[in-house]
Amino acid sequence: MNTLPQQLANGLFLGSMYGLIAIGYTMVYGIVQLINFAHGEIFMTGGFGALTVYLYVLPDGTSMWIALPAMLIGGGLVAVLIAVGAERFAYRPLRGAPRLAPLITAIGLSLALQQAVFNWYPNAKTDRNFPQIEAGPWHIGSISISSGSLFVIVAAPLCMAALALFVSMSRTGRAMQATAQDPDTAQLMGIDTNKIIVIAFAIGGFFAAVAAVSYGLRYGSIQYNMGFQMGLKAFTAAVLGGIGNIYGAMIGGLVLGLAETMATSYIDGIPGMQQLGGGGWSSVWAFVLLILVLLFRPQGLVGERVADRA
Amino acid sequence: MRQRSLVILTSVLTTGALTLTACGSRDDSGDKSSSSKTEIIIGVDAPLTGQNSATGLGIQGGVQIAVDDANKNNTVPGVTFKVQALDDKAIPASGQQNATALVNNEKVLGVVGPLNSGVATQMQQVFAAANLVEVSPSNTAPELTQGKNWQTSKSRPFKTYFRTATTDALQGGFAAEYASTTLKKKNVFVVDDKQTYGAGLAKLFKAGFTKNGGKVAGEDHVNTGDTDFSALVTKIKKSKADLVYYGGQYDESEKLTKQLKDGGVKVPLFGGDGMFSDTYIQTAGKTSEGDLVTSVGQPVDSLPSAADFIKKYKASGLKGDYGTYGGYSYDAATAIIKAIANVVKDGKVPDGARAKIVDEVQKTKFEGIAGPVSFDEYGDTTNKQLTVYQVVSGKWKAVKSGTFNG
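And the structure:
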């Protein structure tokens, strides 16, 4: 049995999730040169927001086909509010401060959000079950796709296409590009840069919430600390693709997901490498790939070399 | 004006802080006058939040009920028992810190825990140095009691360490025997989480399974905290295994079994007692149907001796799964309390009480709620009962109980 198509599909599903989260890192970095380390936790709160909608807002036994859009909106709303709130109250006061100050703030905020959910969300100290779509798995040739994977493989390209259209076509999108290139000049040209920054945080938050819903659907449960590992991987994806570039984030995510899947499935088949393959080593190979890419292309896969940035 | 108020504020704060500190130290020394009974603390160390916490809270609850019973029945005259439960989050380093904290509290005369074998390896030395007795209701790694070379020459590393659970040497073998003879499985894929407990258990299962004539279709390892197992699932599918064995905890296996079934691999997942938790079924839902675990002892629900315990547990509103180790935790705490009863007379704690209690626990022999309680020369329980459980209609159902002697 040839497992390559299935493994490629596995990599795409995982990579799409990384990519959705990575968008948040990369957009914020592109505009304010801040690595928002609390973004992993914004992803997590998006998941809990969606769960809250399902458990406490919708009536019991609502069909998932109706509940899912409501959960996406609810989770998105929570994540956007927290992302925008973080920008307004934690990052904006530090806009002129040395680069290290907002970075430390971001780490502090990340811990605060994690502990807040841990302490105050009902029963969040252990895994919280996430509602499932009772359908599938579907089979296409030798590939089988579960309902959660189907969701992410549909949602991620839709989100990406919408974002690409928004950034290149709309007035706000072009203002966003201008702000990323040169915030001071953009402001002189009459662009409200504060508004642009808020929009960047909001889009990142919403995409993270979509990723969180896919996470819940694919793995069956969400945890208060799920943002840490996923956030770290997504940040890696953003750097891999070229931080600051939204297409790079998605490509970086896909490459990272594929690399992890391939490392799990094929490295230990290479003679002499049995000890270095398998699931336990997948992250190691993903980071080896990151180091190699950064050695030869410090700007990332599709990033542009910008001398005065990073 | 502003400066003056600052001075006042500072002095008020300083005075307040000093007063509070004084209160603290007075409290510590002056408790004997306030109560006529001596207070003795039974320490508990288990994961109470995060990973493994459903099982860990069951340990805390089991000890709490044992202590409540001892206080109610006045088992040790002149003594009131209290429980001090510390959270190790299933992290070995936290366990070691907790062990140090418990050792430094003179009122602690015995400790129940930890849940995880990997955590236990970091705690044993701390307790041994202080002669403080430690009884684990759940550690199953053989080397904890029988030394690193337990397969060739057994030697007990720490005389303060005991356990009411039997070892993986028996659990792995028992599971292998059930897989070969009852389930008639021929081809197994073995996965473990690289931890002391999981890797050890997987190795013993593999050894037993191949000895019974089975084949190992493949092997892989995961990291604790991993969530995406889709690549592993595809590998398992390709290997055409008719059974997957998992050495590890429910946190990863509940996601693995869901992804296995979602990926079209319709074979049961078989695991050890680390997977034996109600949370496993809740999270994996229908996909857990038919999965199997082995666990130590006989099912608490079926034991008449434990009926009273279960009633109390449910009535008390305690959280966690009592089913896995609650009964063993009750027995572990009771063993310590009975030992204290032989050492502490009329509420007077003699010099070197901790060492004497260790000797008394070694001599323990009584009928516990989960079976007879006594320890062999290594500190292992003499109760070698094991049970296979299977998920049937969304519940763990005991399918076979027995003993296994290697």
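These protein sequences, in sequence, are chains A and V.
0 is the number of the first residue of the first sequence in numbering that gives the first Met the number 0; add one for each residue after it.
0 is the number of the first residue of the second sequence in numbering that gives the first Met the number 0; add one for each residue after it.
C-beta atoms are modelled at their ideal positions from N, C-alpha and C, and glycine is treated no differently.
Closest by C-alpha distance to residue i, when choosing among the options
i	options	result
residue 195(V)	67(V), 117(V), 155(V)	117(V)
residue 292(V)	280(V), 355(V), 51(V)	280(V)
residue 305(V)	323(V), 165(V), 80(V), 282(V)	323(V)
residue 151(A)	24(A), 40(A), 300(A), 19(A)	19(A)
residue 358(V)	209(V), 228(V), 340(V), 73(V)	340(V)
residue 156(A)	176(A), 253(A), 186(A), 60(A)	253(A)
residue 115(V)	343(V), 80(V), 272(V)	272(V)
residue 99(V)	121(V), 165(V), 302(V), 168(V)	121(V)
residue 12(A)	32(A), 213(A), 118(A), 25(A)	213(A)
residue 190(A)	206(A), 172(A), 207(A)	172(A)
residue 402(V)	211(V), 297(V), 93(V)	297(V)
residue 269(V)	355(V), 66(V), 119(V), 205(V)	205(V)
residue 311(A)	4(A), 215(A), 94(A)	Residue 311(A) cannot be examined here, being either before or after the span of chain A that is shown, 0 to 309.
residue 209(A)	158(A), 169(A), 174(A)	158(A)
residue 278(V)	37(V), 38(V), 35(V), 53(V)	53(V)
residue 124(A)	142(V), 236(V), 56(V)	56(V)
Sequence-distant residues of the same chain with beta carbon closer than 8 angstroms to residue i, five excluded per side
i	result
residue 126(A)	220, 221, 222
residue 83(A)	197, 200, 201, 204
residue 163(A)	245, 246
residue 300(A)	239, 240, 241, 247, 250, 251, 254, 292
residue 83(V)	40, 41, 42, 43, 101, 104, 107
residue 24(A)	34, 35, 38, 203, 233, 234, 237, 242, 248
residue 153(V)	145, 146, 377
residue 366(V)	304, 372
residue 32(V)	Low local confidence applies: a pLDDT of 42 at residue 32(V) is under 50, so the model's placement there is unreliable, with the coordinate-based value given in what follows. If we look at residue 32(V) and ignore the five residues flanking it on each side, it has no Cβ neighbours.
First and last residue of the uninterrupted alpha helix (DSSP H) at residue i
i	result
residue 68(A)	63 to 85
residue 320(A)	In the structure displayed, chain A extends from 0 to 309; residue 320(A) sits before or after that span and is not available.
residue 234(A)	225 to 240
residue 264(A)	245 to 265
residue 12(A)	3 to 31
residue 400(V)	Unbroken run through residue 400(V) is the beta strand (DSSP E), 394 to 402; no alpha helix (DSSP H).
residue 256(V)	249 to 261
residue 310(V)	306 to 315
residue 280(V)	277 to 283
residue 51(A)	38 to 51
Close beta carbons around residue i, own chain, < 6 angstroms, minus the five adjacent residues each side
i	result
residue 107(V)	40, 42, 101
residue 8(A)	142
residue 30(V)	Residue placement at residue 30(V) cannot be trusted, given a pLDDT of 43 that sits under 50; what the coordinates show is reported in the next sentence. Excluding positions up to five away in sequence, the list is empty.
residue 23(V)	Unreliable positioning characterises residue 23(V) in this predicted model, as indicated by a pLDDT of 42, which lies under 50. The coordinate reading is nonetheless provided below. Result list for residue 23(V): empty, nothing under 6 angstroms.
residue 88(V)	46, 49
residue 28(V)	Legend: pLDDT at residue 28(V) = 41, less than 50; position of this residue unreliable, no value from coordinates given.
residue 10(A)	256, 257, 260
Neighbourhood of residue i by C-beta, 7 angstroms cutoff - its chain only, sequence neighbours within 5 removed
i	result
residue 163(V)	134, 136, 327, 330, 331, 372, 380
residue 69(A)	52, 57
residue 288(A)	258
residue 73(V)	none
residue 192(A)	178, 182, 185, 186
residue 390(V)	280, 287, 288, 289, 290
residue 136(A)	143, 144, 145
residue 295(A)	none
residue 256(V)	268, 283, 286, 287, 290
residue 227(A)	39
Endpoints, the beta strand (DSSP E) within which residue i is located
i	result
residue 291(V)	291 to 295
residue 90(V)	Where residue 90(V) is concerned, there is no enclosing beta strand (DSSP E), given that its DSSP letter is neither H nor E.
residue 39(V)	37 to 45
residue 269(V)	268 to 270
residue 414(V)	With chain V represented from 0 up to 405, any question about residue 414(V) goes unanswered, as that position is not in the structure.
Meets three-Cβ-pair contact criterion under 8 angstroms: the region 194 to 201 of chain A and the region 102 to 111 of chain A: no
Segment contact flag, the region 139 to 153 of chain A with the region 255 to 265 of chain V, C-beta cutoff 8 angstroms, min 3 pairs: yes
Contained alpha helix (DSSP H) runs [length at least 4] in the region 89 to 152 of chain A, N- to C-terminal order: 99 to 119
Inter-stretch contact at 8 angstroms, needing at least 3 Cβ pairs: the region 113 to 133 of chain A / the region 49 to 65 of chain A: yes
Segment contact flag, the region 53 to 64 of chain V with the region 312 to 326 of chain V, C-beta cutoff 8 angstroms, min 3 pairs: yes
Secondary structure, alpha helix (DSSP H): runs of 4+ residues fully inside the region 146 to 231 of chain V: 167 to 176, 195 to 210
3-residue-minimum beta strand (DSSP E) runs that sit fully inside the region 324 to 385 of chain V, ordered along the chain: 364 to 367, 370 to 373
Cβ pair count under 8 angstroms reaching 3, the region 212 to 222 of chain V against the region 187 to 194 of chain V: yes
Minimum length 3: unbroken beta strand (DSSP E) runs contained in the region 145 to 219 of chain A: none
Cβ contact check for the region 123 to 133 of chain V and the region 149 to 166 of chain V: 3 or more pairs under 8 angstroms: yes
Beta strand (DSSP E) runs wholly inside the region 62 to 134 of chain V, at least 3 long, in chain order: 78 to 86, 107 to 111
Touching by the beta-carbon criterion (3+ pairs, under 8 angstroms), the region 196 to 210 of chain V and the region 167 to 175 of chain V: yes
At least three beta-carbon pairs within less than 8 angstroms, the region 108 to 125 of chain A to the region 34 to 44 of chain A: yes
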